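Data first, discussion second: the structure below is written as structure tokens.
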Amino acid sequence: MTVEKFTPKQTTTLSNPPKVLSEQAEAQSIHIQELSNDTSKPVKLNAKIGFVSLGCPKNLVDSERILTQLRTEGYDVVPTYNDADLVIVNTCGFIDSAVEESLDTIGEALKENGKVIVTGCLGIKEDEIREVHPNVLSITGPHAYESVVAQVHEHLPKPEHNPYLHLVPDHGIKLTPRHYAYLKISEGCNHKCTFCIIPSMRGKLDSRPVGDILNEAKRLQAAGVNELLVISQDTSAYGVDVKHKTDFWDGMPVKTHMNNLCAELGKLGMWVRLHYVYPYPHVDDLIPLMAEGKILPYLDVPLQHASKRILKLMKRPGSADRTLERIQKWRTICPELIIRSTFIVGFPGETEEEFEELLTFIKAAQLDRVGCFTYSPVAGATANDLPDHIPESVKEERLQRFMAVQSEISAARLQQRIGQEYLVVIDEVNAEGAVGRCYADAPEVDGVVHLNNFFAAEPGDRVWAEIIHANEHDIWGVVIPEDDEGEEDEANS
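Set out below in structure tokens:
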């Protein structure tokens, strides 16, 4: 959606009653069924793992890594509680509603299966989990891959499988559709935002070697992925912890810096989409890469507020006037640029005048995609100690006013696309036709392109479409016959 109220995102490979909710789980189920149907020789079925992944894309990548290791060792991955010998729940603990969802999910897994391993961000609060669910087998914190696998070994027999039988594709197990993938470039964060506890859960910034990242990108491309969603807790800070040292990839030196990494990713010919880009000054240097079509002209920059005083209380950088100047400069260099951001309303001490300042800012900024959520106290966040907390009714009222203003902005900006032609990647085909995205749309968080009555496509296919209708969230288009297609716009290629 173009404007959304924040709620924790749940991605799951399990459900009960049995239902396949992921391509990977379906593939694993088919694999098990094929083994069962092979009567030429006795078959010993391996131990089966169920997996539920909660929270953000960073958590999803952690889940993929754990599943890849377990599958490499021969464990089968199944899509239902009933079929699993053990269930792993990768939790989220960012805000109170995420904690509640995680605890509820752990409870559901215990009820439906009985053997549960807990990991992820909420895992740092072991006492809180065991107070509610004392019977879980083990609890670990985020990115504790080896510990999770070790706990599986302790509670399930390690499978016996032919070491020459390749159970995992070269790009690993992915929980996203085959045509796009999340590419995590670092872990942790060095900032001390007062509303956030991510550093206490995931630690300080830890950048991956640039060569490892680029090798993973190449493997994903070889597997059919044509869109990379670059993620981290703080994408802009990539390489700060290693003082932007020079690494090597494909025999060539590459600096461990976001701009250098993006330049190399841009050479692969894939869609490269940047998320969680903290507004450092060097972000300005990425815009020419976007204008040249090297990476997508799409920037996810969490600005959080416009009031200088509130930003200071949040321990966030920024000046509304300076930010507006930068946005204008970015759009001058790259007119196709899509800007997504997130904001918090009802932060402790936020006055009506400061909230109005925020509304004035978003009217001036004319951002394309905006997420907004009310301030929610998080155990351990220093903002909890600030005075003048805002009543829930006032926070909700401000959220609705914010969303009303941004909805009008989003609707007007999407109306400008009518008559334009875009390259659309198909995500699904349903009873009404194909549903996809253009360069302006990140999966799950942004709007979509509806291609009604168009069925001659499969997920991952790309078609050109002319936009004929729009609302405040989505756009509608008609597919342009191949003979009529013009030259591809570099921003869409």
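Numbers in this note's numbering are just positions in the sequence shown, counted from 1, shifted up by 923.
In this text, a Cβ means the ideal position worked out from N, Cα and C, and glycines have one as well.
Predicted model only: the values in this text are computed from it and were never measured.
Range covered by the alpha helix (DSSP H) that runs through residue i
i	result
Arg1321	Glu1315 to Gln1338
Asn1013	Unbroken run through Asn1013 is the beta strand (DSSP E), Leu1009 to Thr1014; no alpha helix (DSSP H).
Tyr1068	Tyr1068 to His1078
Glu1187	Met1181 to Gly1189
Gly1030	Asp1019 to Glu1035
Asp1170	No alpha helix (DSSP H) holds Asp1170; the beta strand (DSSP E) holding it covers Thr1169 to Trp1172.
Asp1157	Run containing Asp1157: none; DSSP gives neither H nor E here.
Ser986	Pro980 to Thr995
Residue burial classification, residue i (beta-carbon count within 10 angstroms, cutoff 16)
i	result
His1102	buried
Val1177	buried
Arg1292	buried
Tyr1087	Its pLDDT being 47, under 50, Tyr1087 is placed unreliably in this model, and the value from its coordinates should be taken loosely. Classification of Tyr1087: exposed, given that the 10 Å Cβ count is below 16.
Lys1034	exposed
Cys1339	It should be noted that the sequence gives Gln, not Cys, for residue 1339. Classification of Gln1339: exposed, given that the 10 Å Cβ count is below 16.
Thr1283	exposed
Ala1379	exposed
Lys1127	exposed
Pro1057	exposed
Gly1370	buried
Thr1063	buried
His1205	exposed
Met1175	exposed
Thr1169	exposed
Arg994	buried
Ala1335	exposed
Ser1316	exposed
Gly1342	exposed
Val975	buried
Arg1053	exposed
Phe1171	exposed
Through-space distance from residue j to residue i, alpha-carbon basis
i	j	result
Leu1191	Leu1152	14 Å
Ile1349	Ala1365	12 Å
Ile1011	Val1041	6 Å
Glu1367	Pro1225	17 Å
Glu1344	Arg1360	12 Å
Leu1026	Ala1304	20 Å
Tyr1068	Asn1013	11 Å
Leu1072	Val1000	Looking at the sequence shown, residue 1072 is not Leu but Val. Computed Cα separation, rounded: 14 Å.
Asp1157	Ile1120	14 Å
Ala1146	Asn1036	34 Å
Asp1019	Ala970	34 Å
Trp1399	Glu1355	12 Å
Pro980	Leu1045	16 Å
Lys1252	Asn1182	18 Å
Thr1297	Glu1279	15 Å
Lys1231	Thr1246	11 Å
Val1200	Gly1111	14 Å
Asp1397	Ala1357	13 Å
Asp1135	Ala1229	37 Å
Ile972	Tyr1004	9 Å
Ile1047	Val1148	34 Å
Gln1074	Ser1109	25 Å
Val1401	Tyr1362	17 Å
Enclosing beta strand (DSSP E) for residue i [first to last residue]
i	result
Pro1176	Met1175 to Lys1178
Leu977	Lys971 to Leu977
Glu1273	Premise fails: Glu1273 is in no beta strand (DSSP E) and is neither H nor E.
Val1347	Glu1344 to Asn1353
Ile1390	Arg1385 to Ala1393
Ile1398	Ile1398 to Val1402
Asp1050	Counting along the chain, Asp1050 falls outside any beta strand (DSSP E), though it belongs to the alpha helix (DSSP H) covering Glu1049 to Val1055.
Glu1150	Glu1150 to Ile1154
His1107	In the sequence as displayed, the identity of residue 1107 is Lys instead of His. Element bounds for Lys1107: Tyr1103 to Lys1107.
Ala1357	Gly1356 to Arg1360
Leu1222	Tyr1221 to Asp1223
Spatial neighbours of residue i in its chain, beta-carbon cut-off 7 Å, leaving aside the 5 residues before and after
i	result
Glu1405	none
Glu1273	Ile1233 and Ile1313
Ile1403	Glu1344, Trp1387, Ala1388 and Glu1389
Thr1099	Tyr1105
Ser1242	Lys1231
Glu987	Gly1095, Ile1096, Lys1097 and Leu1098
Leu1209	Asn1182 and Cys1185
Close Cβ partners of residue i (< 8 Å) along its chain, the five nearest in sequence each way excluded
i	result
Thr962	With a pLDDT of only 37 at Thr962, under the threshold of 50, the placement of this residue in the model should not be trusted, and no figure is reported.
Ala1140	Leu1106, Leu1151, Leu1188, Leu1191 and Met1193
Gly1030	Val1055 and His1056
Contact set for residue i: own chain, Cβ-Cβ below 6 Å, skip 5 residues either direction
i	result
His1392	Trp1399
Ser959	Only weak support is given to the placement of Ser959: the predicted model assigns it a pLDDT of 32, under 50, and the question is left unresolved by the model.
task: Would you check if there are 3 or more beta carbon pairs closer than 8 Å linking the stretch 1238-1246 to the stretch 1110-1120?
output: Contact annotation: the stretch 1238-1246 touches the stretch 1110-1120, with at least three C-beta pairs closer than 8 Å.
task: Please confirm if the stretch 1324-1334 is in contact with the stretch 1074-1081, defined as three or more CB-CB distances below 8 Å between the two stretches.
output: With the cut-off at 8 Å, the stretch 1324-1334 and the stretch 1074-1081 do not touch.
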